[in-house]
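When we follow this note's numbering, the leftmost residue of the sequence shown carries the number 296, and every step to the right adds one.
To keep things clear, I will list the structure first and then write my remarks on it.
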Amino acid sequence: MLRIAAIEFLNAAPLMAGLDGDQRFALSHTLPSACADALREAEADLGVIPAIELARTPGLIGLGGIGVASRDGEGVQGEVRSILLICRRPPAQARTVALDRASRTSAALAQILLKHRFGAGCTAVPGDADWRKGLERADAALLIGDPALQLSVRGGATGLHVYDLAREWREWTGLPFVFALWGVREAVLQPHQDWLPQRLRQALSEGWEGRRELARQWAPRLDLPEEEVLRYLEENVAYHLTPAHTAGLRRYLELAADDGLVPSPALPPLVEPVTA
296 MLRIAAIEFL NAAPLMAGLD GDQRFALSHT LPSACADALR EAEADLGVIP AIELARTPGL
356 IGLGGIGVAS RDGEGVQGEV RSILLICRRP PAQARTVALD RASRTSAALA QILLKHRFGA
416 GCTAVPGDAD WRKGLERADA ALLIGDPALQ LSVRGGATGL HVYDLAREWR EWTGLPFVFA
476 LWGVREAVLQ PHQDWLPQRL RQALSEGWEG RRELARQWAP RLDLPEEEVL RYLEENVAYH
536 LTPAHTAGLR RYLELAADDG LVPSPALPPL VEPVTA
């Protein structure tokens with residue numbers, strides 16, 4: 296039985312459809328950062344992990360073509376609504392940023408955008424479970440996942456500067472952003488390569504087909520209207536990655552390497568499913 300470290304946020308739900316009922320897998324739901332740690336420590340065999348961790352963790356192989364990303368296409372503004380930077384003052388004036396402990400990819404993205412897009416000389420400090428407490432000791436706070444989506448829908452940041460980092464990235468680079476990918480330990484992938492990548496793609500296909508049911512299930516969990524949950528899945532998040540997504544990931548890793556956030560700008564190996 297293969298051990299899956301599964302992100303507990305809504306944005307990864309379509310990737311997981313049916314896997315909990317497949318006897319070949321055992322799922323453990325946790326935060327994105329903890330998923331990466333589980334693979335690094337060999338406590339899991341595969342998982343949807345922050346994209347940056349593929350460049351930080353030796354022995355991991357990424358699955359190409361699917362993931363959690365912002366949308367691509369003509370006229371798309373790229374907002375994802377679940378990756379937010381909240382500032383007490385204009386971002387160019389920020390000197391400290393409280394980083395969400397659940398995040399790795401978005402934490403690096405926030406630092407890159409603050410430095411290169413907004414021109415801020417900013418020091419990162421640990422965030423708090425409550426972003427408001429983070430702002431008590433920092434000029435800006437990163438908020439990701441379901442809490443960020445809830446804030447986007449309900450409001451609650453009156454008087455503060457709120458930035459959707461996927462939209463800021465697209466406006467700055469012209470590219471969509473990739474937040475998470477399936478990562479598989481290389482030693483695990485080798486004996487299962489003839490079926491595992493295709494099975495994970497099948498899970499996404501089933502999850503996308505059943506997105507209305509997912510919205511119905513998740514709406515009460517998030518205390519959000521069902522139509523907002525469905526709109527998020529359909530209009531904000533991309534699950535099938537295009538060449539532009541790959542280009543965006545390459546650009547991100549180049550910037551991360553320049554800033555010392557990853558050891559190398561090289562895009563880690565990605566595998567494609569075996570087709571009949």
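Here a beta-carbon is modelled for each residue, glycine too, at the ideal position from N, C-alpha and C.
- Across the structure, Leu379 and Asp459 are spaced so that their CA atoms are roughly 5 Å apart.
- Judged by DSSP in its simplified three-state form, Pro353 adopts coil rather than helix or strand.
- Counting C-beta pairs with one atom in each stretch, the segment 481–492 and the segment 299–313 have fewer than three that are closer than 8 Å, which means they do not touch.
- Using a Cβ distance threshold of 7 Å, Arg511 and Glu521 count as a contacting pair.
- Judged by their CB atoms, Ala393 and Ala436 are nearer to each other than the 7 Å cut-off.
- Listed as beta-bridge partners of Pro421 by DSSP are Leu394.
- For Gly478, the enclosing beta strand (DSSP E) stretches over residues 473–480.
- Taking each of Ala387, Leu349, Pro421 in turn and checking the Cα distance to Tyr547, the smallest one comes out for Leu349.
- The beta-carbon distance between Gly440 and Ala397, rounded to whole angstroms, is 6 Å. This is short enough to meet the 8 Å contact definition.
- In this structure Leu550 touches Ile407 by the C-beta definition: roughly 5 Å separates them, less than 8 Å.
- Look at Arg465 here: in three-state DSSP terms it is helix.
- Around the beta carbon of Glu529, a 10 Å sphere encloses fewer than 16 other beta carbons of the protein chains shown; the residue is thus reported as exposed.
- No Cβ-Cβ contact shorter than 7 Å links Asp425 with Arg383.
- The C-alpha of Leu314 is placed about 8 Å away from the C-alpha of Leu322.
- Here the C-alpha atom of Leu470 lies approximately 23 Å from the C-alpha atom of Pro327.
- Taking the Cα positions, Trp503 is about 6 Å away from Pro309.
- Straight across, the Cα-Cα distance linking Arg412 with Leu355 is about 31 Å.
- In the DSSP assignment, Tyr458 forms a beta bridge with Leu380.
- In the structure shown, Thr325 adopts extended strand secondary structure according to DSSP, grouped into three states.
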